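Visitor:
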Amino acid sequence: MRVLIVKNYDEMSKEAGKIVKNRLEQKPDLVLGLATGSTPLGLYKELIRMHKEDSVSFAKVRTFNLDEYLGLKPDNEQSYHYFMFENLFKHIDIPRENIYIPDGQTKDPEKFCQWYEDEIEKAGGLDLQVVGIGGDGHVGFNEPGSSLASRTRVKTLDEGTIKDNSRFFAKPEDVPHFAITMGVGTILESKEILFVANGAGKSAIVARAIEGPVTSQVTASILQIHPKAVAILDEAAAADLQRKDYYKYAEEQARRFEKSL
Ligand code: GLP
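With the sequence shown counted from 1, adding 10 to any position gets you this note's numbering.
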């Protein structure tokens, strides 16, 4: 895994934006997996800026979101549908029919989840999946204990996750207890994974995900077995990494090497 440590949130977002831009240049019909949460907001601002200022187009891109709360309508301000349209989709040129987000209102979750998997496959698979990390190490909503081979399905949210995410809701009781999430196995099949994390609150779990054992107890640790994963962390989130100095040194060497070509 490539570990890129940058100064702050702003730089994390810009570096992540550069990667997405580069992949879009290589493949304008990129199949892009997207995440919610506060962490990727800066990346989405950067994508909007690139669209407006640098004419980056999303006209041929297809997006698949990681997850959605079960039971929330798309126009509910706490739904991930609402989040994605407000913070990204309505500001770029992606056609509505190219946007896939799990349906939180499905009456037949099992059938829906299979359909979602089939659509990812029909699109040719995910090219690049953006992920963050939850306080308990979850990726998507794959709570500790999720099978590392899991596919898109309904997960019961951990109490800690409900508490963490209650900051977005009027009352903690309003936080749904279930979500549809891509499985760990689904995420692992993406050709590339872009992991972003910032802030001191994430440093301990980031260290477990990147340097701890690969375990279903910290589902983000699957990044370690992915052939092409990059972690972009700000200094605060990287603080507990034991090999922090090496990652920085390796990045410097890689830049020097690229220049010499
Ligand atoms: C939710 C999402 C995750 C996200 C996590 C962290 O649980 N399902 O995809 O990574 O929140 O959110 P934040 O970036 O706000 O810390």
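Backbone N, C-alpha and C define an ideal beta-carbon position, used for all residues, glycine too.
This one's a predicted model, so the numbers in the text were calculated from it and none came from an experiment.
#1: Measuring only from the beta carbon, is THR116 closer than 8 Å to any heavy atom that is part of the ligand GLP?
#2: Bridge partners of ALA69, per DSSP?
#3: How many Å lie between GLU107 and LEU98 at the Cα?
#4: Tell me whether PHE178 sits in a helix, a strand or coil according to DSSP, three-state version.
#5: Look up ASP77 in the DSSP assignment and give the residues it is bridged to.
#6: Measure the Cβ-Cβ separation of GLU202 and ALA246 and say whether it is below 9 Å.
#7: Any chance the CB of LEU76 is under 8 Å from a heavy atom of the ligand GLP?
#8: Does the structure place the stretch 15–23 close enough to the stretch 133–148 that three or more beta carbon pairs sit under 8 Å?
#9: At a threshold of 8 Å, does THR46 count as lining the ligand GLP (C-beta to nearest heavy atom)?
#10: Going by the DSSP bridge assignment, what does LEU44 pair with across the sheet?
#11: According to the neighbour-count rule (16 or more other Cβ atoms, all chains shown, within 10 Å of its Cβ), is SER157 buried or exposed?
#12: Which ranges does the alpha helix (DSSP H) cover as unbroken runs of at least 4 residues, wholly within the stretch 182–266, from first to last along the chain?
#13: So, at 7 Å on beta carbons, what are the nonlocal neighbours of ASN175 in its own chain, with the 5 sequence-adjacent residues on each side left out?
#14: Rounded to whole angstroms, what's the CA-CA distance from VAL194 to VAL149? Just pull it up for me.
#15: Using the Cα positions of ALA159 and LEU198, report the straight-line distance between them to the nearest angstrom.
#16: Compute the Euclidean distance between the alpha carbons of LYS212 and ARG163, then round it to the nearest angstrom.
#17: Does the Cβ of LYS212 lie closer than 8 Å to at least one heavy atom of the ligand GLP?
Guide: From the atom records:
#1: Position 106 of the sequence shown, counted from the start, is the residue given in the question as residue 116. Not under cutoff, so the answer is no.
#2: One-based indexing of the sequence shown puts residue 69 at position 59. DSSP output for ALA69 lists no bridge partner at all.
#3: The count along the sequence shown starts at 1 and reaches residue 107 at position 97. The count along the sequence shown starts at 1 and reaches residue 98 at position 88. Each residue's Cα considered, the two are about 15 Å apart.
#4: Taking the sequence shown and counting its residues from 1, the one referred to as residue 178 is at position 168. Helix, per DSSP.
#5: For the purposes of this step, residue 77 is taken as residue 67 along the sequence shown, with counting starting at 1. Bridge partners of ASP77: THR191.
#6: In the sequence shown, counting from the first residue as 1, residue 202 sits at position 192. In the sequence shown, counting from the first residue as 1, residue 246 sits at position 236. No, these two residues do not count as a Cβ contact at 9 Å.
#7: Locating residue 76 in the sequence shown gives position 66, counting from the first residue. Checking every heavy atom of the ligand GLP against the Cβ of LEU76, one is found closer than 8 Å.
#8: no
#9: Reading the sequence shown from its first residue, position 36 is the one you call residue 46. Answer for THR46: yes, Cβ within range of the ligand GLP.
#10: In the sequence shown, residue 44 corresponds to position 34, counting from 1. Looking at the DSSP assignment, LEU44 forms a beta bridge with ASN75.
#11: Reading the sequence shown from its first residue, position 147 is the one you call residue 157. It counts as exposed.
#12: 194–198, 213–221, 245–248
#13: One-based indexing of the sequence shown puts residue 175 at position 165. So the list reads VAL185, once near-sequence residues are dropped.
#14: Residue mapping note: residue 194 aligns to position 184 of the sequence shown, counting from 1. Residue mapping note: residue 149 aligns to position 139 of the sequence shown, counting from 1. Distance between the alpha carbons of VAL194 and VAL149: 8 Å.
#15: The residue labelled residue 159 in the question sits at position 149 within the sequence shown. The residue labelled residue 198 in the question sits at position 188 within the sequence shown. Between ALA159 and LEU198, the C-alpha separation is close to 9 Å.
#16: Indexing the sequence shown from 1 puts residue 212 at position 202. Indexing the sequence shown from 1 puts residue 163 at position 153. C-alpha separation (whole angstroms): 26 Å.
#17: Taking the sequence shown and counting its residues from 1, the one referred to as residue 212 is at position 202. True, at least one ligand heavy atom lies under 8 Å from that Cβ.
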